[in-house]
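A.B. asks: Take this structure first; my questions come after.
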Amino acid sequence: AAENGHEAVVKLLLDKGANLESKDKESGQTPLLWAAENGHEAVVKLLLNKGANLESKNDGYGRTPLSWAAKNGHEAVVRLLLNKGANLKLKDDRYGQTPLSWAAENGHEAVVKLLL
């Protein structure tokens, strides 16, 4: 639900006791990682307000929510994560890149400006 931006479904699942930090069996992605990667600002906000780990990393790449959002050019999600205190300097485990380097590599000028 988080991966596809279904805010109402995510809220319902959380209200019924779903684990905020559950990991996808294939990728190791948490709901917050999925929502940030795909630019679902409302779901990211909901998950953070419920206490999701701002610095969670997936098993495959070791990227944070901020890295995923920056890599994919999701300006609103990047802004939200920064306002919540996301660490700009955390590097992903596989490539050793920061959110800034991901945004720059992928040509996301507005995101680069936010991260500078």
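Residue numbers for the sequence shown follow the UniProt record's numbering, so the first one is 1 and each next one is one higher. From the three backbone atoms N, C-alpha and C, an ideal C-beta is built for every residue, glycine too.
(1) Below 8 Å on the Cβ atoms is my contact criterion, and I expect P31 with L20 to pass it. Report the Cβ-Cβ distance as a whole number of Å.
(2) Please work out which residues of its chain come closer than 7 Å, Cβ to Cβ, to K45, disregarding the five sequence neighbours upstream and downstream, and give them in chain order.
(3) Does DSSP classify S27 as helix, strand or coil?
(4) Please report the distance separating the alpha-carbon of V112 from that of A104.
(5) Hey, out of L100, G5 and A1, whose CA is closest to D24's CA?
C.D. replies: By the coordinates alone:
(1) One-based indexing of the sequence shown puts residue 31 at position 31. One-based indexing of the sequence shown puts residue 20 at position 20. Beta-carbon to beta-carbon, P31 and L20 are separated by about 7 Å, close enough to satisfy the 8 Å threshold.
(2) Numbered from 1 along the sequence shown, position 45 holds the residue referred to as residue 45. Its chain contains L80 as the residues whose beta carbon lies nearer than 7 Å to that of K45, once the 5 sequence neighbours on both sides are disregarded; these appear in chain order.
(3) Stepping through the sequence shown from its first residue, residue 27 is reached at position 27. Note: S27 maps to coil in three-state DSSP.
(4) The residue you call residue 112 lines up with position 112 of the sequence shown. The residue you call residue 104 lines up with position 104 of the sequence shown. Distance between the alpha carbons of V112 and A104: 6 Å.
(5) Working through the sequence shown from its first residue, we reach residue 24 at position 24. Nearest C-alpha to D24: A1.
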